[in-house]
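**Q** Chains as they are written, first to last, in the UniProt record's numbering: chain A, 1 to 366; chain B, 1 to 366.
Built from N, CA and C at the ideal position, the CB exists for glycine as well.
Pasting in a structure now, in structure tokens, and then I'll have a few things to ask.
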DNA sequence: TTGTAAGCGTTATCAA
DNA sequence: TTGATAACGCTTACAA
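Written as structure tokens, this is what we have:
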């Protein structure tokens, strides 16, 4: 004998018609009184509301959506919400959505483009009112453009794309990386390694510039690539060593790959005196590799990481990092989205949020 | 001159009727062919599908939901998804939902009961098919029971309540705490402090048991209270010091409160030789307080924390912790939910997932 | 201001 | 197997 754990049971939910009958008015009047539209005489409104309370009426939002076209919900699509960056961004998006009386529907796409395409398709079918997405690809965005064409606004988080006329909320990745590098270079380092996570396809392409013999980078406008660009630009500006062996790529999803790359970097015949880790995964990888190898930070190698996660301040030594605020980015993206939902129609803007170099003890003069 | 950034535009989306006309069949047939229900002759089915493709038809899920009553989406309600525990749980819930062809709608309730009530109300209005919730209160659950009465299954995450006939997915908090304490007590510690986060209302009540003079605890069945219970039970079993001054409460939302309590504990005239931090926030608080005060771990004080977050293995010394798997808990909760959604009707069960004591270097013999 | 009736796009019923 | 038609619960012309 099971109790009521939620299996559908008989009692039909009261509808506007039921309330109307109970209050002795027409459905139209009841509807107006309950939905706060049109004009209703005060005493009738009250009678309707009492009847509704008595019956335990609750509006059926689905039916309402069918008429109005809107669902008062937005989608949030990201690589992995268990990642602290996206978790914080999601928090920002949710907060704004709730302030606006909207809900957020969540999609995890695990860096897989086909999953992202499907997520967008499902969101469109669900008649969502707008989408905040941190797209995997910045070149293959047909699915996102289709959403716009259907009248569903899209805001990009942490990525910009020239191929889409949409708002995007980003940080200045190149400048942030340049700033981190400048800090190391000012301290006298001239042999600085880089560890960066890249996605399998659209990975960056390191090139040697013929005229100078120095490194350059080619690739889509993605955070990681812009950070590499900042790294190389700083190297050039300070006339530091620009060598292929000092640049290491890994993938975002596993710290242990990052650790392996970091290890290889630290074990070089002529190892770097400082390392810039271009994201939170590689930061953890470099830190761990150094510890395991007994390479002392900052005496033997200086480290600048990316993202001000809790642990970076807790470890010994506390890590110097480039700090950004994913929660603010999420908030801002959602705010932009709601402007569009309200009908604002102007060219997509690129909104750049500030970063801050949090100097701690993992960096020291050479 | 703005491009198409998502402002609603004219083109009406094709409906089943449009497809039917294009294919030269009735709406009923077109509906059957598109929705995969009823029987349709193969050639007609094909003709309909071609017509649909030609027109770019996509089903209107809202209309479908209105008829069927289901929305193929579930709600996830938690205190704070930016918290790594809930972020991981949410990931588990989302994964299962997507495997089932469902979506997850997210609610942050920030430890506020009124916000939680509203979240449930909104989810019900949205005609959600089920809810996974980590409820703030385990006594005031009328809103959750109402959801069940409406036929919407509810699964509790990380909390159990005797007042509700619902599945719940938890760990054995008392046993986990007891295990952590046993580890310390086996090492010879007899003066062990406790720092635990509690919610303002429904806070635990420490009581002195008249007959033995030792401490007891009264309060709802919540993780924190069960962990306190485990702490006290271990103290009794090993005949260790049971003193009011060694037990510290703080609130979950800020590490700095936890740090202050930990600091007070460490600065006692007769300080504890070991501390058990009953959750991830207090673990961070105790660790930081010890560092700031220059109290050496584990030589001057041993520490066992709760939750195996990344940083606990990264710091020096790595922290011994009780590890649980919030992602598995989220998965399990969602799996249970879908059983209910599919109509399974049996008494609510309490599913207990395992924990593991991860012994690292923050604990040493007295 | 109120009521009647016609949708919204889908699925279910019933006859053919 | 197919087609006409009636729901689902709400909003909104239009008429009273």
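Measure the alpha-carbon distance for residue 10(A) versus residue 122(B) and round it to whole angstroms.
**A** With a pLDDT of 48 at residue 10(A), under the threshold of 50, the modelled position of this residue cannot be trusted, and the question is left open.
**Q** I'd like the span of the alpha helix (DSSP H) that includes residue 53(A), first residue to last.
**A** Taken as a continuous stretch (DSSP letters only), the alpha helix (DSSP H) holding residue 53(A) covers 42-55.
**Q** Just to confirm my understanding: we take residue 6(B), look at its own chain, exclude 5 residues before and 5 after, and list those with CB closer than 8 Å. What are they?
**A** In this predicted model, residue 6(B) has a pLDDT of only 49, less than 50, meaning its place in the structure is not dependable; the value taken from the coordinates is given anyway. The answer is none, since no qualifying residue turns up.
**Q** In the DSSP assignment, the beta strand (DSSP E) including residue 248(A) goes from what residue to what residue?
**A** First-last of the beta strand (DSSP E) with residue 248(A): 247-250.
**Q** With a cut-off of 8 Å, does the C-beta of residue 181(B) fall near any C-beta of chain A?
**A** So no, residue 181(B) is outside the interface.
**Q** Look up residue 320(B) in the DSSP assignment and say whether it is helix, strand or coil.
**A** Looking at residue 320(B) - three-state DSSP - the assignment turns out to be strand.
**Q** Indicate the three-state DSSP secondary structure (helix, strand or coil) for residue 65(B) in the structure shown.
**A** Residue 65(B) falls in the helix class under three-state DSSP.
**Q** Select from 163(B), 159(B) and 188(B) the residue whose C-alpha is nearest the C-alpha of residue 174(B).
**A** Closest option to residue 174(B), Cα to Cα, is 159(B).
**Q** Checking the sheet assignment: what are the DSSP bridge partners for residue 194(B)?
**A** Residue 194(B) is bridged to 247(B) and 276(B).
**Q** Grouping DSSP H, G and I as helix and E and B as strand, with all else coil, what is residue 368(B)?
**A** The shown model of chain B, from 1 to 366, leaves out residue 368(B), and the question about it has no answer.
**Q** Taking the C-alpha atoms as reference points, what is the distance between residue 318(A) and residue 225(B)?
**A** Taking the straight line from one Cα to the other gives about 34 Å.
**Q** Using a Cβ-Cβ distance under 8 Å, would residue 277(A) count as near chain B?
**A** No, its Cβ sits nowhere closer than 8 Å to a Cβ of chain B.
**Q** If you draw a straight line from the C-alpha of residue 437(A) to the C-alpha of residue 40(B), how long is it?
**A** Summary: the structure shown does not reach residue 437(A), with chain A confined to residues 1 through 366, and so no result is reported for it.
**Q** Are at least three pairs of beta-carbons, each pair with one atom in the stretch 234-248 of chain B and one in the stretch 181-198 of chain B, less than 8 Å apart?
**A** With a cut-off of 8 Å, the stretch 181-198 of chain B and the stretch 234-248 of chain B count as touching, because enough Cβ pairs lie within range.
**Q** 8 Å is my cut-off, CB to CB: does residue 8(B) come that close to chain A?
**A** Because the pLDDT at residue 8(B) is just 42, under 50, the model does not fix this residue reliably, and the point stays unresolved.
**Q** Just reading off the alpha helix (DSSP H) that residue 19(A) is part of, what are its end residues?
**A** Taken as a continuous stretch (DSSP letters only), the alpha helix (DSSP H) holding residue 19(A) covers 16-23.
**Q** Are the CB atoms of residue 72(B) and residue 129(B) within a distance shorter than 8 Å?
**A** Their beta carbons are under 8 Å apart, which means residue 129(B) touches residue 72(B) by this criterion.
**Q** So, helix, strand or coil for residue 205(A), using DSSP?
**A** In the structure shown, residue 205(A) sits in a strand (DSSP, three-state: E or B).
**Q** Looking at residue 313(A) and residue 281(A), is the spacing between their C-beta atoms short of 8 Å?
**A** No, they are not a contact pair.
**Q** Would you say residue 328(B) and residue 307(B) are within 8 Å of each other, going by their C-beta atoms?
**A** Not in contact: residue 328(B) and residue 307(B) (Cβ atoms no closer than 8 Å).
**Q** Taking the alpha carbon of residue 19(A) as the reference point, which residue from 35(A), 38(A) and 57(A) has its own alpha carbon closest?
**A** Closest by alpha carbon: 57(A).
**Q** Using three-state DSSP, classify residue 225(B) as helix, strand or coil.
**A** In this structure, residue 225(B) counts as helix in the three-state DSSP scheme.
**Q** Between the stretch 125-143 of chain B and the stretch 111-121 of chain A, do three or more beta carbon pairs fall short of 8 Å?
**A** Segments in contact, no.
**Q** Using Cβ-Cβ distances below 7 Å, what residues of the stretch 342-354 of chain B are close to chain A?
**A** Cβ contacts with chain A: 343, 345, 346, 347 and 348.
**Q** If residue 320(B) sits next to residue 304(B), beta carbons under 8 Å apart, how far is it from one beta carbon to the other, in whole angstroms?
**A** Contact holds; Cβ gap of about 5 Å.
**Q** According to DSSP, simplified to helix, strand and coil, what is residue 341(B)?
**A** Here residue 341(B) sits in helix by DSSP.
**Q** Compute the Euclidean distance between the alpha carbons of residue 337(A) and residue 270(A), then round it to the nearest angstrom.
**A** Taking the straight line joining both Cα atoms gives about 50 Å.
**Q** Check the Cβ-Cβ distances between residue 251(B) and every residue of chain A, and say whether any is below 8 Å.
**A** Taking Cβ atoms only, chain A never reaches closer than 8 Å to residue 251(B), which makes this a no.
**Q** Can you list, in chain order, the residues of the UniProt domain "HTH lacI-type" (14-68) of chain A whose Cβ is nearer than 8 Å to any Cβ on chain B?
**A** Within the UniProt domain "HTH lacI-type" (14-68) of chain A, the residues whose Cβ lies closer than 8 Å to some Cβ of chain B are 58, 59, 60, 61, 62, 63, 65 and 66, listed in chain order.
**Q** Ignore the nearest five residues each way along the sequence and tell me which others in residue 316(A)'s own chain have a CB closer than 7 Å to its CB.
**A** None.
**Q** Taking CB distances under 8 Å as the criterion, tell me whether residue 3(A) reaches chain B.
**A** Interpretation of residue 3(A) is limited by its pLDDT of 49, a score under 50 that renders its predicted location unreliable; the figure taken from the coordinates is listed afterwards. Yes, because at least one Cβ of chain B sits closer than 8 Å to the Cβ of residue 3(A).
**Q** What residue ranges within the stretch 83-132 of chain B form continuous beta strand (DSSP E) runs of no fewer than 3 residues, ordered along the chain?
**A** Fully enclosed beta strand (DSSP E) runs of 3 or longer: 103-108.
**Q** Comparing alpha-carbon positions, which option in 237(B), 207(B) and 223(B) lies nearest residue 190(B)?
**A** The option with the nearest alpha carbon to residue 190(B) is 237(B).
**Q** Going by C-alpha to C-alpha distance, which of 69(A), 167(A) and 30(A) sits closest to residue 347(A)?
**A** Minimum Cα distance to residue 347(A) is reached at 167(A).
**Q** For residue 124(B), which of 76(B), 138(B) and 139(B) has the nearest alpha-carbon?
**A** Comparing Cα positions, the closest option is 76(B).
**Q** Strictly under 8 Å for the Cβ-Cβ distance: is residue 91(B) near chain A by that measure?
**A** Answer yes: the Cβ-Cβ gap between residue 91(B) and chain A drops below 8 Å somewhere.
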